[in-house]
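> In my numbering, the protein residues as written are 414 to 692. All C-beta atoms, glycine included, are put in the ideal place defined by N, C-alpha and C. Note that this is a predicted model, so its numbers are computed, not measured. If you scroll down you'll find the structure; I have some questions about it.
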């Protein structure tokens with residue numbers, strides 16, 4: 414009885430699973446080969462072996478066969494892209510990056526590798542909101558120093574990531590009616606900023622840009638009005654075929670809606686420049 418109780422309390426060793434694509438035929442063929450290798454290793458090592466040892470022996474044998482006696486061959490060990498967080502790393506600093514910045518990061522390493530065999534190490538990291546500004550230094554040439562940011566810049570020299578996070582924070586959980594009020598308030602502030610940038614107060618200049626959903630016979634069009642001085646979005650109108658079936662008239666209709674709304678707000682326009690861009 415004591416022996417049975419001791420066996421039942423024995424802890425199972427840690428394990429992991431490997432998924433292999435294939436039907437029942439492939440499964441039977443692989444299991445049969447594993448059993449043949451297992452029988453051979455058991456008789457050779459004179460002890461029981463598990464699947465982990467079998468796979469390791471097979472991989473070691475393959476590597477040895479590939480290398481052979483040719484010293485010019487070399488296996489390049491790439492670090493695994495899968496990593497588990499350790500207990501001491503749960504409080505590590507985080508930052509948000511944009512897709513284009515990630516592409517720039519890869520291009521930077523590729524360009525440095527083409528001229529130098531040194532490695533780039535993080536020398537200093539400065540957090541700017543949710544953006545990380547990283548100073549990279551070469552381990553061989555100190556003159557190879559680069560500054561990389563996890564976000565691209567907006568025309569006002571502020572980070573795109575910080576604005577996107579801020580927008581998501583303020584609009585999270587908002588109903589459409591609440592979000593509309595939030596957008597209208599932001600537009601009013603943009604208009605006030607544009608007005609304050611002029612010495613004379615008889616009107617402001619704007620530029621409109623139409624973004625069409627399709628290249629031909631556009632199903633919808635978004636017309637955006639930008640302030641000439643501040644380049645901030647003053648207004649945005651979305652026009653669909655339910656409003657006008659002719660796609661060529663969408664930009665004009667959206668611009669007319671912007672003009673009508675601004676007349677209601679009693680904001681005079683001195684000059685308007687229309688830019689046609691087809692996507």
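Does the Cβ of residue 619 have 16 or more other Cβ atoms within 10 Å, making it buried, or fewer, making it exposed?
Its Cβ being crowded by 16 or more others within 10 Å, residue 619 is buried.
> Does the contact criterion of 3 or more C-beta pairs under 8 Å hold for the stretch 532-551 versus the stretch 570-590?
Yes, since at least three Cβ pairs between the stretch 532-551 and the stretch 570-590 fall closer than 8 Å, the two stretches touch.
> Skipping 5 residues on each side, what residues in its chain have a beta carbon closer than 8 Å to that of residue 654?
Correct list, in chain order: 632, 633, 660.
> Ignoring anything shorter than 3 residues, give me the beta strand (DSSP E) runs that lie fully in the stretch 528-587, in order along the chain.
You should have 533-541, 544-551, 558-562.
> Would you list the one or two residues that DSSP bridges to residue 633?
Paired residue(s): 653.
> Between residue 553 and the rest of its own chain, which residues show a CB-CB distance below 6 Å, the 5 nearest in sequence each way excluded?
If we look at residue 553 and ignore the five residues flanking it on each side, its Cβ neighbours are 531.
> What does a CB cutoff of less than 7 Å around residue 651 pick up in its chain, not counting 5 residues either side in sequence?
Same-chain partners within the cutoff: 633, 635.
> Ignoring anything shorter than 4 residues or poking outside the stretch 494-534, list the alpha helix (DSSP H) runs there in chain order.
Correct list: 512-528.
> Hey, how far is the Cα of residue 458 from the Cα of residue 443?
Distance between the alpha carbons of residue 458 and residue 443: 22 Å.
> Please report the straight-line C-alpha distance between residue 505 and residue 425, rounded to a whole angstrom.
Those two C-alpha atoms are separated by around 32 Å.
> Pull up the CB-CB distance for residue 622 and residue 637, whole angstroms please, since I reckon it's below 8 Å.
With 8 Å as the limit, residue 622 and residue 637 qualify as a contact, their Cβ atoms being about 5 Å apart.
> In the DSSP assignment, what are the bridge partners of residue 648?
638, per the DSSP bridge assignment.
> Hey, how far is the Cα of residue 559 from the Cα of residue 514?
Going from the Cα of residue 559 to the Cα of residue 514 covers about 14 Å.
> May I ask which residues mark the beginning and end of the alpha helix (DSSP H) holding residue 449?
Its alpha helix (DSSP H) spans residues 437-458.
> Nearest-angstrom Cα distance between residue 664 and residue 675?
Going by the C-alpha atoms only, they are around 17 Å apart.
> If you run the structure through DSSP and keep just helix, strand and coil, what is residue 477?
Reduced to three states, the DSSP call for residue 477 is helix.
> Would you report the Cα separation of residue 528 and residue 583, rounded to the nearest angstrom?
Whole-angstrom Cα-Cα distance: 46 Å.
> From the DSSP output, in three-state form, read off residue 415 for me.
Low local confidence applies: a pLDDT of 45 at residue 415 is under 50, so the model's placement there is unreliable, and no value is given.
> Starting from the Cα of residue 549, find the closest Cα among 566, 474, 521, 673 and give me that residue.
Residue 521 is the option with its Cα nearest to residue 549.
> Using the rule of at least 16 other Cβ atoms within 10 Å of the residue's Cβ for burial, across every protein chain shown, is residue 668 buried or exposed?
Counting Cβ neighbours within 10 Å, residue 668 comes out buried, since at least 16 surround it.
> Tell me the DSSP secondary structure of residue 659 in three-state form.
In the structure shown, residue 659 sits in coil (DSSP, three-state: anything other than H, G, I, E or B).
> Is the Cβ-Cβ distance between residue 467 and residue 451 less than 7 Å?
Contact flag set, yes.
> If you draw a straight line from the alpha carbon of residue 512 to that of residue 455, how long is it in whole angstroms?
Looking at the two C-alpha atoms, the distance is approximately 51 Å.
> What number of angstroms, rounded off, separates the C-alpha of residue 437 from the C-alpha of residue 448?
In a straight line, the C-alpha of residue 437 is about 16 Å away from that of residue 448.
> Give the straight-line distance between the Cα atoms of residue 580 and residue 557, rounded to the nearest whole angstrom.
Whole-angstrom Cα-Cα distance: 37 Å.
> Within a Cβ cutoff of 8 Å, which residues of the same chain sit near residue 569, ignoring the five residues on either side of it in sequence?
The answer, listed in chain order, is 644.
> Starting from the C-beta of residue 471, find all residues in its chain whose C-beta is less than 8 Å away, skip the five residues before and the five after it, and write them out in chain order.
Once the five neighbours on either side are set aside, the close Cβ partners of residue 471 are 450.
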